[in-house]
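Participant:
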Amino acid sequence: AFTPAFVHIPNSDPIQIGQTVCVRVVVPAAPERNSITFTPLVGMPWDSVLLDMVGATTNISVPVDLKPIADFRNTLRDSTHVYEADVLLRDVDVYTPRGFIEFREAKWNPESGLQPMPYEPEAIFIGESLGVSVEDVDATSPYSLKRHLDLPLCTEPDAEGRWMSADALPFDVSELPPPDNHNMVWLPYSCRLRHISYTDAVQCMAARYPLMHWYGDSNIRRSLKKLVTLGQWCTSEEDLQTRSCLCEDYHESNFTRFNPGYRQLVID
């Protein structure tokens, strides 16, 4: 009988903010295979597994960077493969695994003229009681949400952080940039973001950088539209669901200065 892959957490006792939990995924050998022509790249695993630890309240999703354990059987095609990772959890919540197998038996690697395999993700069995609780006993952790507003303002654009539900914040969401379309907010771990109006942002850029060269795709173009209209472009709930706001704004007649056919545009 076919045995599905499953997740195993050796020790699911509660941990403190900033501690790690060991997470393993066991992928039993498939009883049948269609081909033996697929092989992984050197040093890469046979199976492509995507797994996150997801917070029940905050909806924080922490990627699990799975690696094959040090066992020669992980190098064999017809063997059970075991992957594991130590996952750093830095927010109070109860985290459960969530994920799937993209491909088995190196079918993610269609080299040597092979045809790509259909993308048919395979479910991973996850027990109902499987999870780990993260606690903040004395609120002294630098990652504590209760202390987030005490962090210095961010000065770099690439601060490490996490997306979380705005409903789970222990402070007023108006202290942060507005939530996205899914009511999620971005919180860096070592600094904080603050809300800046479009008017203030444009005035700041005009004073500090009177001439800027922008290179990019349609995503950059839509960001510029939002700036030059001081936030008025694609504002209503109805507009946010249109193709023009999401991905295809090529033919908006009221934005001739953003002509997508031009290789160079001057925008003031």
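Everything in the sequence shown is counted per the numbering used here, starting at 28 for the first residue and increasing by one.
Glycine residues also receive a C-beta, built at the ideal position from the N, C-alpha and C atoms.
None of these values were measured; they are calculated from a predicted model.
Just grab the DSSP bridge partners of residue 126 for me.
Facilitator: Walking along the sequence shown from the start, residue 126 turns up at place 99. Bridge partners of residue 126: 78.
Participant: For residue 187, I'd like the list of residues in its chain whose CB is within less than 6 angstroms of its CB, leaving aside the five on either flank, ordered along the chain.
Facilitator: Indexing the sequence shown from 1 puts residue 187 at position 160. Same-chain partners within the cutoff: 216.
Participant: Taking the Cβ atom as the reference point for each residue, do residue 3 and residue 91 lie within a distance shorter than 7 angstroms?
Facilitator: Residue numbering for the chain in the displayed model covers 28 to 295; residue 3 lies beyond these limits and cannot be assessed.
Participant: I'd like to know if residue 248 contacts chain D, where contact means its C-beta is closer than 7 angstroms to some C-beta of that chain.
Facilitator: You won't find chain D in this structure, because it holds only one protein chain.
Participant: What is the DSSP secondary structure of residue 42, reduced to helix, strand or coil?
Facilitator: To locate residue 42, count along the sequence shown from 1; it is residue 15. In this structure, residue 42 counts as strand in the three-state DSSP scheme.
Participant: Ends of the beta strand (DSSP E) at residue 211?
Facilitator: Working through the sequence shown from its first residue, we reach residue 211 at position 184. First-last of the beta strand (DSSP E) with residue 211: 211 to 215.
Participant: State the DSSP-derived secondary structure class of residue 192, mapped to helix, strand or coil.
Facilitator: Along the sequence shown, read from residue 1 onward, the residue named residue 192 stands at position 165. Residue 192 falls in the strand class under three-state DSSP.
Participant: Could you tell me if residue 122 is buried or exposed, where buried requires 16 or more neighbouring beta carbons within 10 angstroms of its beta carbon?
Facilitator: The residue labelled residue 122 in the question sits at position 95 within the sequence shown. Buried, since its Cβ has 16 or more Cβ neighbours within 10 Å.
Participant: Taking residue 74 and residue 130 to be in contact with their CB atoms under 8 angstroms, please state how far apart those CB atoms are, rounded to whole angstroms.
Facilitator: Counting from one through the sequence shown, the residue named residue 74 turns up at place 47. Counting from one through the sequence shown, the residue named residue 130 turns up at place 103. Correct: roughly 7 angstroms between the Cβ atoms.
Participant: Which residue or residues does DSSP assign as beta-bridge partners of residue 51?
Facilitator: Position 24 of the sequence shown holds residue 51. Answer by DSSP bridge pairing, in chain order: 35 and 111.
Participant: Run through DSSP, which three-state label would residue 65 get?
Facilitator: Start at 1 with the first residue of the sequence shown, and residue 65 comes out as number 38. Note: residue 65 maps to coil in three-state DSSP.
Participant: Between which two residues does the alpha helix (DSSP H) containing residue 279 stretch?
Facilitator: The residue labelled residue 279 in the question sits at position 252 within the sequence shown. Note, residue 279: premise wrong, no alpha helix (DSSP H); not H, not E.
Participant: Looking only at DSSP bridge pairs, what is residue 229 linked to?
Facilitator: On the sequence shown, residue 229 is found 202 positions in, with the first residue counted as 1. Its beta-bridge partners do not exist; DSSP assigns none.
Participant: Across which residues does DSSP place residue 314 in a beta bridge pair?
Facilitator: With the chain covering only 28 through 295, there is no way to say anything about residue 314.
Participant: Check whether the Cβ atoms of residue 87 and residue 163 sit closer than 7 angstroms, and answer yes or no.
Facilitator: Here residue 87 is taken as the residue at index 60 of the sequence shown, counted from 1. Here residue 163 is taken as the residue at index 136 of the sequence shown, counted from 1. Cβ atoms of residue 87 and residue 163: not closer than 7 angstroms.
Participant: What is the DSSP secondary structure of residue 267, counted as helix, strand or coil?
Facilitator: On the sequence shown, residue 267 is found 240 positions in, with the first residue counted as 1. In the structure shown, residue 267 sits in a helix (DSSP, three-state: H, G or I).
Participant: Restricting to Cα atoms, I'd like to know which of 244, 209, 117 and 98 is closest to residue 172.
Facilitator: Locating residue 172 in the sequence shown gives position 145, counting from the first residue. With distances taken between Cα atoms, residue 172 lies closest to 117.
Participant: Are the CB atoms of residue 237 and residue 220 within a distance shorter than 7 angstroms?
Facilitator: Counting from 1 along the sequence shown, the entry for residue 220 is found at position 193. Counting from 1 along the sequence shown, the entry for residue 237 is found at position 210. Not closer than 7 angstroms, so no.
Participant: Three-state secondary structure (DSSP) at residue 176?
Facilitator: The count along the sequence shown starts at 1 and reaches residue 176 at position 149. In this structure, residue 176 counts as helix in the three-state DSSP scheme.
Participant: Please specify which runs of the alpha helix (DSSP H), each continuous and at least 4 residues long, are wholly inside the segment 233 to 257, giving them in chain order.
Facilitator: Qualifying alpha helix (DSSP H) stretches, in chain order: 245 to 255.
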